[in-house]
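So the structure is just underneath, and the comments pick up after that.
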Amino acid sequence: MGTHAAGLSILVLGEKNDTSLEPLKQLPNGASIIAVENNPDSIEDSVLERATCVYASCKGKAGANLPKIYSKMPNLSWVHSQTAGVDTIVFPEFANDEKVTLTNAKSVYNKSLVEYVIFAMMYFAKDCQRLLRNQRSRTWDPFFIEMIRHKTLGVVGYGDIGRDCARTAKQAFNMKIVALRRRPSLSAGDGIADEVYGSDQLHEMLGKCDYVLCAAPLTPATMHFFNADAFKAMKKSTVFLNIGRGPVCQETALVDALASGAIRGAALDVFEEEPLSKESKLWEQENLLLSPHNADLTELCRVEATEHFLELIQKSVAGEPLGDVIVDKKAGY
Numbered sequence: 036m037g038t039h040a041a042g043l044s045i046l047v048l049g050e051k052n053d054t055s056l057e058p059l060k061q062l063p064n065g066a067s068i069i070a071v072e073n074n075p076d077s078i079e080d081s082v083l084e085r086a087t088c089v090y091a092s093c094k095g096k097a098g099a100n101l102p103k104i105y106s107k108m109p110n111l112s113w114v115h116s117q118t119a120g121v122d123t124i125v126f127p128e129f130a131n132d133e134k135v136t137l138t139n140a141k142s143v144y145n146k147s148l149v150e151y152v153i154f155a156m157m158y159f160a161k162d163c164q165r166l167l168r169n170q171r172s173r174t175w176d177p178f179f180i181e182m183i184r185h186k187t188l189g190v191v192g193y194g195d196i197g198r199d200c201a202r203t204a205k206q207a208f209n210m211k212i213v214a215l216r217r218r219p220s221l222s223a224g225d226g227i228a229d230e231v232y233g234s235d236q237l238h239e240m241l242g243k244c245d246y247v248l249c250a251a252p253l254t255p256a257t258m259h260f261f262n263a264d265a266f267k268a269m270k271k272s273t274v275f276l277n278i279g280r281g282p283v284c285q286e287t288a289l290v291d292a293l294a295s296g297a298i299r300g301a302a303l304d305v306f307e308e309e310p311l312s313k314e315s316k317l318w319e320q321e322n323l324l325l326s327p328h329n330a331d332l333t334e335l336c337r338v339e340a341t342e343h344f345l346e347l348i349q350k351s352v353a354g355e356p357l358g359d360v361i362v363d364k365k366a367g368y
């Protein structure tokens, strides 16, 4: 991505009253906001022609709106996503356009996601459902609970988020970490993973795990990566956690695994279709912790994501490289 000597003209796909956009009031010289809009029909062609950068905020419906205006922005060279996942905003024309760089909010949401993963493991280890049932029925029923200490956490999607979850699990709870990635050699000696497996060793790895964390992006290769065969490869005591992307898990296979007792339980924050249909059988599973894609939905994270964008703007106008936040649009991460 080149420098913007003539200035950075930013179109924000979002809502004008979104408080997470406040940091953009501190733009450096050489950068300006030319419009804030989440209705593409309300954006004048002259604004689109001037835009050199698009900020795809969480409230901007970029997945639906960016394709509608993309061809009308001849000077566009940079799109930045307020989220870490970008599969919803990448479409063929954009993916194949080499002159437009895509960046994301890498690392910004990690702390909130790490907290959710630890919470989800604790939810099952301490049998929170039983505790709540006993409380509601006024039943005094002491029972043995588990510790996650020394348990094995398997991580599929051992990128920025997956590694941070693994690091906390290892350092705070002395969990054993096994990880799956396309190139295992990249994690050799990283001090976090005790064992690293290649993509073709998924089932071998799953059989060793007490908890399996999916933090993988959605790509053609990861679609329904967790299918019936994957759940069969897990121990009956295994808990499956998904904070990555919903379609990486085949929900019909998961429902069968939960209902049959093939695995102990699951915690899902993402789903194949969102919002989750009221007819989905997932709602009926008592051994499922279900949250509506809000593991990283915090006001602080949204603000920090915009602050992160502001830092990138400062680098851009100064002619500095943006670093490792540049996304491979064709790979999806």
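According to this note's numbering, the sequence shown is numbered sequentially starting from 36.
No residue lacks a Cβ here, since even glycine has one placed at the ideal position from N, Cα and C.
With at least 16 other beta carbons inside 10 angstroms of its own, Met240 counts as buried. In the DSSP annotation of this structure, the continuous segment of the alpha helix (DSSP H) that includes Ala130 starts and ends at Pro127 to Ala130. Straight through space, the alpha carbons of Leu48 and Val89 are spaced by roughly 7 Å.
Pro310 and Ser106 have their C-alpha atoms roughly 29 Å apart. Closest option to Ser44, judged by alpha-carbon separation, among Ser220, Leu56 and Val82: Val82.
As for any alpha helix (DSSP H) of minimum length 4 sitting wholly inside the stretch 186-230, the runs are 195-208, ordered along the chain.
Annotation for Asn209: Arg184 and His185 place their beta carbon closer than 8 Å to its own, counting only its chain and skipping 5 residues before and after. Annotated as proximal: Gln285 and His259, with beta-carbon spacing under 7 Å.
Secondary structure in the stretch 268-326: the alpha helix (DSSP H) runs of 4 residues or longer, each lying completely within the stretch, are 286-295 in chain order.
In this structure, Ala91 keeps its C-beta atom at 7 Å or more from the C-beta atom of Ala99. In the DSSP annotation of this structure, the continuous segment of the alpha helix (DSSP H) that includes Val152 starts and ends at Asn145 to Ala160. The Cβ atoms of Thr203 and Cys244 do not sit closer than 7 Å to each other. The three-state reading of DSSP puts His328 in coil, since its state is none of H, G, I, E or B. DSSP, reduced to helix, strand and coil, places Thr174 outside both helices and strands of the structure shown, so it counts as coil.
In the displayed model, Tyr368 falls within coil according to three-state DSSP, outside both helix and strand.
Per DSSP, His115 is one residue of the beta strand (DSSP E) stretching across Trp113 to Ser116. If you ignore the 5 residues before and after Val143, its C-beta comes within less than 8 Å of the C-beta of Ala119, Cys336, Glu339, Ala340 and His343, all in its own chain and listed in chain order. For Phe179, the three-state secondary structure derived from DSSP is coil.
Per DSSP, reduced to three states, the secondary structure at Phe344 is helical.
For Ala97, the uninterrupted alpha helix (DSSP H) segment begins and ends at Ala97 to Ile104.
Looking at the DSSP output, Val71 bridges to Val47. Within the same chain, Cβ atoms closer than 7 Å to the Cβ of Lys271 are found at Gly296, Ala297, Ile298 and Arg299, the five residues on either side in sequence being excluded. Going by beta carbons, Ala155 and Ala302 fall inside the 7 Å limit. Residue range Asp80 to Arg85 is occupied by the alpha helix (DSSP H) that includes Val82.
Proximity to Ala353 across Pro63, Glu133, Thr187 and Ala268 peaks at Pro63, based on C-alpha coordinates. Rounded to the nearest angstrom, the gap between the Cα atoms of Thr138 and Lys350 is 13 Å.
One Cα belongs to Thr187, the other to Ala223, and the distance between them is close to 18 Å. Taking the CA atoms as reference points, Phe126 sits about 15 Å from Trp113. Counting along the chain, Leu241 sits inside the alpha helix (DSSP H) bounded by residues Leu237 to Leu241.
Counting every other CB atom within 10 Å of its CB across the protein chains shown gives Gln117 a total of 16 or more, marking it as buried.
Ile361 is bridged by DSSP to Thr138. When secondary structure is reduced to three states using DSSP, Leu62 falls in the coil class, being assigned neither helix nor strand. Shown here for Cys93: same chain residues with a beta carbon closer than 7 Å to its own, the five before and five after excluded, namely Gln117, Thr118 and Arg337 in chain order. For Leu56, there is no enclosing beta strand (DSSP E), as DSSP marks it with neither H nor E.
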